[in-house]
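For reference, the structure discussed in these notes is given below.
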Amino acid sequence: MLNRMHTPGSTTATHCPYCALQCGMNLRPEPGGAAVTVEERADFPVNRGALCGKGRTAPAVLSSRVRLTEPLVRTHAGRLEPATWEEALDAVAAGLARTARAHGPDAVGVFGGGGLTNEKAYALGKFARVALRTSQIDYNGRFCMSSAAAAHQRAFGLDRGLPFPLEDIPRTGCVILVGSNLAETMPPALRYLTELKANGGTLIVIDPRRTRTAEQADLHLAPRPGTDLALALGLLHLVVADGRTDEEFIAARTTGWEEARAAAMAHWPELVERITGVPVPALREAVGLFCAPDSAMVLTARGPEQQSKGTDTVGAWINLCLATGRAGRPLSGYGCLTGQGNGQGGREHGQKADQLPGYRKLTDPAARAHVAGVWGVDPDSLPGPGRSAYELLDALGTDVKSLLLMGSNPVVSAPRAAHIEDRIRSLDFLAVADVVLSETAALADVVLPVTQWAEETGTTTNLEGRVLLRRRALTPPPGVRSDLDVLHGLAARLGVEKGFPTSPEEVFDELRRASAGGPADYSGITYDRIEAEQGVFWPCPEGSTGTERLFLDRFATDDGRARFVPVAHRDAAEVPDAEYPLLLTTGRVVAQYQSGAQTRRVDELNEAAPGPFVELHPRLAARIGAVDGSPLAVTSRRGRAVAPARITDAIRADTVFMPFHWPGEGRANTLTNPALDPTSRMPEFKICAVRVEPVQGPV
31 MLNRMHTPGS TTATHCPYCA LQCGMNLRPE PGGAAVTVEE RADFPVNRGA LCGKGRTAPA
91 VLSSRVRLTE PLVRTHAGRL EPATWEEALD AVAAGLARTA RAHGPDAVGV FGGGGLTNEK
151 AYALGKFARV ALRTSQIDYN GRFCMSSAAA AHQRAFGLDR GLPFPLEDIP RTGCVILVGS
211 NLAETMPPAL RYLTELKANG GTLIVIDPRR TRTAEQADLH LAPRPGTDLA LALGLLHLVV
271 ADGRTDEEFI AARTTGWEEA RAAAMAHWPE LVERITGVPV PALREAVGLF CAPDSAMVLT
331 ARGPEQQSKG TDTVGAWINL CLATGRAGRP LSGYGCLTGQ GNGQGGREHG QKADQLPGYR
391 KLTDPAARAH VAGVWGVDPD SLPGPGRSAY ELLDALGTDV KSLLLMGSNP VVSAPRAAHI
451 EDRIRSLDFL AVADVVLSET AALADVVLPV TQWAEETGTT TNLEGRVLLR RRALTPPPGV
511 RSDLDVLHGL AARLGVEKGF PTSPEEVFDE LRRASAGGPA DYSGITYDRI EAEQGVFWPC
571 PEGSTGTERL FLDRFATDDG RARFVPVAHR DAAEVPDAEY PLLLTTGRVV AQYQSGAQTR
631 RVDELNEAAP GPFVELHPRL AARIGAVDGS PLAVTSRRGR AVAPARITDA IRADTVFMPF
691 HWPGEGRANT LTNPALDPTS RMPEFKICAV RVEPVQGPV
């Protein structure tokens, strides 16, 4: 075993705490240990030393000036006051136990985060099912790539964000990038698209906005939000009509083609133009660019996925890949650009309502028996599947009376956020473990201050399926404990004395055993291997070298064939009408991250992105009398948000855009629609009907 002890003053190779690239970096503590410097780590293959502003400034959140450094307990007077750890843990255990006694174990909920390490995600899922005996657990990663995950499972039999490493992207012939703005969400990854073009490849970007990423494209298609499904079907129609299908691949490696073909042929080009607003000649150009080279890829992100038909939308893009033989071959395939730092690993090992470690199904008797054996419990004692993320949040204060929340800020990040804030306020008891006093933590009965990325060791799984090791570089401040310590202390107070170790490596070794034989098999991965090999790709059974590229020989279905799934276009859950004539879509900006709970505490990032805004086209601005920089009110059926106008011709005239990083009156998710995809249970963040008008008088 390699020495992983923290040596004061030494440089530590680790990874950024933010997005799913998990960029490599070196941390060097300054003399005296009061600060830490981020240095390039050019040897790590994903970012090769490059870092965005969030990564470079990540140590700023380690400062005691902005973070939590002692437990807080709400007093009878209603204020959060400092408490000892023993007092705080006693209060949390008593609150959760009181609810379970009065209303049953399913009245206690657990809500996790896509930024938790694999060890913490695993332990949290085990804690919910073993210590609390509740089925009510899910996590904010449900809001990230659950639609793509469901489509992966349906078509390929396995869900890994990218079935190939990022290094394959510059070597393919064409990339269709759907609903992703890498230049702002994952800046170090933009180099892969730049290298693609330098190598003679072509880039097609599909986005209703002309983003910084779209400006790099050879072809930019700007469909009406919510019509990506029709667009993919229209492209497949043209592929069939032009005789560009790969019949040999279809016959040898797929099933279900005839039904999927018939569904696509019902979406002829002129119909697709009417639905999407994309002209037929542009559709034909896209097909020509995609089909001309020997290899090609489709990469999707939140744009097509955060829809009430996200699973079918991703399925249509997968069908396009399968029909053209652009899957299961070198330098070709469909992939999803996972957003959160450990969004991939977070759902593989037990935070998701319907899954057990190793990506096993909670309803599978064999899976239950295997995991129960590792945990030393009766399989019948494990609860069944619970509610999905939004449904769990919506049930707070009614069926779910108490909540333990780790690493999430749903007051800002959940759809229909004002309603979810009300539901959180109605709880009998709320405990939050976090590194900062987020908007959600500020509502808690008990707040537990936990260690951060640079102060703890643990693994994450990046968007490639590469399992990485974040190494402890700093000693955490007094008064702060790890999430594993929290779960250990709570489990003991709830009568479960064993099974919740505080050593990350010990937890990972148990995770390996629990995942063994499952779809996401980590049993052959060790901390030593990760450090020696710059990460290990799963699946990696015991004795395996890992699986860098999936599906080259067979897909992960029972018969080894990929499955076409017939899909048809349908409208978004909300369409514009006389009262709400415009479409709102939401997204991120480069200097902030997710709900902003951490990045909004960094001065440099706030200078670059100080607050929310409403992006709208000049024609729309002229029609409603909006002035650049003046306050605009955006109203949906769920509420009202106010933010300054940002007038630009880089957006469709029927669409407005808001970033979602801020609370208060500019909270974009006050407006968004919680309509759920029937398969993935993903809310429709990306499309809702709104009206927009200048604010008269004081804001």
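Sequence positions in the sequence shown follow the working numbering and run 31 to 729. Quick reminder that beta carbons are idealized off the backbone N, C-alpha and C, glycines included.
Enclosing alpha helix (DSSP H) for residue i [first to last residue]
i, result
"R398", "P395 to W405"
"A127", "W115 to H133"
"H297", "Where H297 is concerned, there is no enclosing alpha helix (DSSP H), given that its DSSP letter is neither H nor E."
"M175", "R172 to F186"
"V516", "D513 to R523"
"F279", "E277 to R283"
"E421", "A419 to D424"
"T215", "L212 to T215"
Own chain residues within Cβ distance below 6 Å of residue i, not counting five before or after
i, result
"E714", "Q337, S338, A603, N703 and A705"
"D539", "none"
"A683", "H647, R649 and L650"
"K431", "T129, H133, A137 and D458"
"F643", "A673, P674 and R676"
"G256", "A602 and I717"
"P22", "Absent from the structure is residue 22, since the part of the chain shown begins at 31 and ends at 729."
"E149", "G488, P534, V537 and F538"
"T41", "N56 and R58"
Own chain residues within Cβ distance below 7 Å of residue i, not counting five before or after
i, result
"N439", "S468, E469, T470, S625 and A627"
"G355", "D276 and F279"
"M31", "Caution applies to M31, whose pLDDT of 35 falls short of 50 and renders its modelled position unreliable; the value that the coordinates give is listed next. Closer than 7 Å at Cβ, skipping near neighbours: D558."
"P195", "E494 and E578"
"V404", "E540, R543 and A544"
"P193", "G363, G365, R579, L580 and F581"
"A425", "R417"
"R600", "K339"
Residue i, enclosing beta strand (DSSP E) - first and last residue
i, result
"F459", "F459 to D464"
"P704", "N703 to L706"
"H45", "T42 to H45"
"V308", "Neither: V308 is in no beta strand (DSSP E) and is coded neither H nor E."
"I206", "C204 to V208"
"I167", "I167 to Y169"
"P689", "T685 to P689"
"V537", "From DSSP, V537 is part of no beta strand (DSSP E) but of the alpha helix (DSSP H) over P534 to S545."
"A663", "P661 to S666"
"I677", "G669 to I677"
"G721", "Here residue 721 turns out to be Arg, not Gly, going by the sequence shown. From DSSP, the beta strand (DSSP E) with R721 extends over C718 to P724."
"N492", "Unbroken run through N492: none, as it is neither H nor E."
"R104", "L102 to R104"
"G85", "Per DSSP, G85 belongs to no beta strand (DSSP E); it is in the alpha helix (DSSP H), G83 to R86."
Residues of its chain near residue i, where Cβ-Cβ distance is below 8 Å and the 5 sequence neighbours each way are ignored
i, result
"L423", "F141, P440, A444, I450, R453 and I454"
"M35", "Bear in mind that the predicted position of M35 carries a pLDDT of just 49, short of 50, making it too unreliable to give a figure here."
"Q482", "P47, V91, L92, R97, V465 and P506"
Beta-carbon separation (whole angstroms), residue i vs residue j, contact threshold 8 Å
i, j, result
"A252", "R242", "With 8 Å as the limit, A252 and R242 do not qualify as a contact, their Cβ atoms being about 15 Å apart."
"Y169", "A503", "Not really, about 26 Å apart at Cβ, beyond 8 Å."
"S660", "P724", "6 Å"
"L51", "M216", "5 Å"
"T67", "L635", "Their Cβ separation, rounded to whole angstroms, is 17 Å, which puts T67 and L635 out of contact at 8 Å."
"L613", "I717", "6 Å"
"G437", "G145", "5 Å"
"A185", "C366", "Contact doesn't hold; Cβ gap of about 12 Å is too wide."
"C49", "G340", "With a Cβ gap of about 20 Å, C49 and G340 do not count as contacting."
"L266", "N349", "6 Å"
"A756", "R71", "Since the first residue of the chain shown is 31 and the last is 729, residue 756 is not available in this structure."
"T285", "L352", "Wrong, their Cβ atoms sit about 10 Å apart, outside the cutoff."
"V160", "V526", "6 Å"
"H691", "R630", "7 Å"
Cβ-heavy atom distance, residue i to the ligand MG, below 6 Å
i, result
"E485", "This structure simply doesn't include the ligand MG, nor any ligand for that matter."
Worksheet entry | Completely contained beta strand (DSSP E) runs for the region 236–274, where each covers 3 or more residues | 249–251
Worksheet item: Where in the region 429–478 do unbroken runs of the alpha helix (DSSP H), each at least 4 residues long, occur, reported from the N-terminal end onward?
Response: 440–443 and 447–455
Fill in: Complete runs of the beta strand (DSSP E) confined to the region 616–656 [at least 3 residues]
Whole beta strand (DSSP E) segments, 3+ residues: 644–646.
Fill in: 4 or more residues per run - each alpha helix (DSSP H) lying fully within the region 310–390
310–321, 332–335, 340–353 and 373–378
Worksheet item: Touching or not, the region 361–378 and the region 489–496, by the rule of three or more beta carbon pairs under 8 Å?
Response: Between the region 361–378 and the region 489–496 there are three or more inter-stretch CB-CB distances shorter than 8 Å, so the stretches are counted as touching.
Worksheet item: Counting pairs of beta carbons, one from the region 455–462 and one from the region 126–145, are three or more of them closer than 8 Å?
Response: yes
Worksheet item: Just checking, does the region 407–416 make contact with the region 388–399 on the three C-beta pairs under 8 Å criterion?
Response: yes
Worksheet item: Is the number of C-beta pairs between the region 532–546 and the region 152–159 that are closer than 8 Å three or more?
Response: yes
Worksheet item: When the Cβ atoms of the region 397–404 are set against those of the region 71–83, are three or more pairs found closer than 8 Å?
Response: Of all C-beta pairs linking the region 397–404 to the region 71–83, fewer than three are shorter than 8 Å, placing the two stretches out of contact.
Worksheet item: Given 8 Å as the limit, is there contact between the region 218–238 and the region 560–571, that is, 3 or more CB pairs closer than that?
Response: no
Fill in: contact_flag[the region 316–331, the region 197–205] where n(CB pairs < 8 Å) is 3 or more
yes
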